[in-house]
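Single-structure report; data block below.
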Amino acid sequence: MARINCIGILTSGGDSPGMNAAIRAVTRSAICNGFSVKGIYRGFDGLVNGDVKEFTTESVSNIISRGGTILKSARSKAFMTPEGRKQAYETMQREGIDALVVIGGNGSLTGARVFGEEYDVPCIGLPGTIDNDLYGTDLTIGYDTTLNTIMECVDKIRDTANSHERIFFVEVMGRDAGFLAQNSAIACGAEAAIIPEDDTDADQLEHFIGRGIRKSKNSSIVIVSESPKCGAMYYAERVKKEYPQYDVRVSILGHLQRGGSPSARDRILASRLGAGAIDAILAGQRNVMIGIQNDQVVYVPFTEAVHSEKVLNKRLIKVLDELSI
Ligand code: F6P
C-alpha cells in the first residue's frame, strides 16, 4: 500500500453541530501522528474544483464550540458523475493528498464508498448528521445537540399551548428516520410522536385521539417527523376537519434544529471519532466509517453503514405511550 503522508478532510451533506469538533480532532490527531493535513472546502465540490488549503493546528483553534462547519458543506452533483470523480482524483494527485476523511451522512459516505472503490484512495468516514440514521454507531455527530435544541423549543411551545389550551403539531427533521421525533417527544413529555418507523396499520392520529386527547390535560403536543406527504400540516388539517372542537396550531422547527453550539456529548463524540479516524488510517483501514458502539470505537464497512437499516427501538414507542397518559 502506498505510504500516506497527507490527509484531506471535508464535510459534506447537511451540516451538524460537532462537525467543527471533528475537523479539529482529525487535524490535531493527524499532525500529532506525523501527517500533514489539507482542508477541502464545500464538500466533494472542493475536491472536484481544487478548493483546498493547507491546515495547521492553528487552523482549527477555537472551533470546538462552534456550530456549522468551517469547511462549508455541499451536496455535490459533480461528484456523482464519473467525470467529476476523475477531476477529484486529479486534485488529490496535484495536492499530494493520499487519504480522505469524509464527515457526513448517508449520501456523503456513499460518495466516499464509490470513490474509494473506483480509485486507489483510502477513505475513512465519520458519521455526521443530526438524523442519527447511520447503522453501526450508537450516535451520530450532531444528533444530541439537535435533540436538546428541539427540547428547548418544545418546552417553550408548551407554555403557550397550556395558556391557550391548544393542540400543537410540532414538525421536526430526521429525513426518513424518527429518532429525533420519538426521543424528543419522550424528553419533552409530549402526548404523542408520529414517526415513519411506527409501521402498524393503525392510523397514528386515530391512535392519539383514541387514547383520549386532552382528557386530563389542558394542552397536547404531538411531535411529527418531517414527511413530504404527511407532516405536521397534514395532521393539523385533519384534526381541524374531523375534530373541530379542538384549537390546533402547527410549528415547523426547520433549520434552527441544525445550528448552535454543540453539546458536550457531541463534542466528545466528535473528538473520539476524529482521533479514531487517524488510528484507523495508521492501522491500514480503508473504506470504513468510524462508529462508537457501547463506548467502544468500531470500524464499520461503508456498505454496512449506508445500506443496513438502523432500527429504532420499538420499546421507545411504548414508553412514550405509557408516560403520556
Ligand atoms: O440530513 C439532515 C437534514 O437536516 C434532514 O433532517 C433534512 O431532511 C435535510 O437535511 C434538509 O436538507 P436541506 O438543508 O438541504 O434542506
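When we follow our numbering, the leftmost residue of the sequence shown carries the number 2, and every step to the right adds one. Cβ coordinates follow ideal geometry from the N, Cα and C atoms, glycine included. Just so we're clear, the structure is a prediction, and the values are computed from it rather than from any experiment.
With distances taken between CA atoms, P245 lies nearest to R167 out of R167, G275, G108. If you look at F116, you'll find it in the alpha helix (DSSP H) that goes 107 to 119. Taking 8 Å as the upper bound for CB-CB distance, A193 and V223 are in contact here, some 5 Å apart. In this structure, ligand 1 has no non-hydrogen atom nearer than 6 Å to the beta-carbon of R43. Straight-line measurement puts the Cα of E55 at about 14 Å from the Cα of D99. In this structure, the beta-carbon distance from L140 to L270 falls below 7 Å.
If you check the CB distance, L321 and I187 come in under 7 Å. Looking from the CA of F169, the closest CA among G175, R176, T161 belongs to T161. Here Q205 carries a helix assignment [DSSP, helix/strand/coil].
Within the model, the alpha-carbon separation for L206 versus T70 is close to 38 Å. Of the candidates A233, Q94, D121, A233 places its Cα closest to the Cα of I196.
In this structure, the alpha-carbon of L283 lies about 29 Å from that of P83. M234 carries a helical assignment under DSSP once its states are collapsed to helix, strand and coil. E153: member of the alpha helix (DSSP H) spanning 144 to 165, first to last residue. A distance criterion of 6 Å places the beta-carbon of G15 in contact range of ligand 1, judged by its closest non-hydrogen atom. Residue pairing by DSSP places S66 in no beta bridge whatsoever.
Considering only N50, V61, V102, the residue with the shortest C-alpha distance to K78 is N50. Distance from the CA atom of A178 to the CA atom of I158, rounded to whole angstroms, is 23 Å.
Between ligand 1 and G106, a heavy atom-to-CB distance of less than 6 Å is present. The beta-carbon separation of G108 and S17, rounded to 13 Å, does not stay under the 8 Å limit for a contact. The stretch 107 to 122 and the stretch 300 to 310 touch, with no fewer than 3 CB-CB distances between them shorter than 8 Å.
For M174, the distance from the CB to the nearest heavy atom of ligand 1 is below 6 Å.
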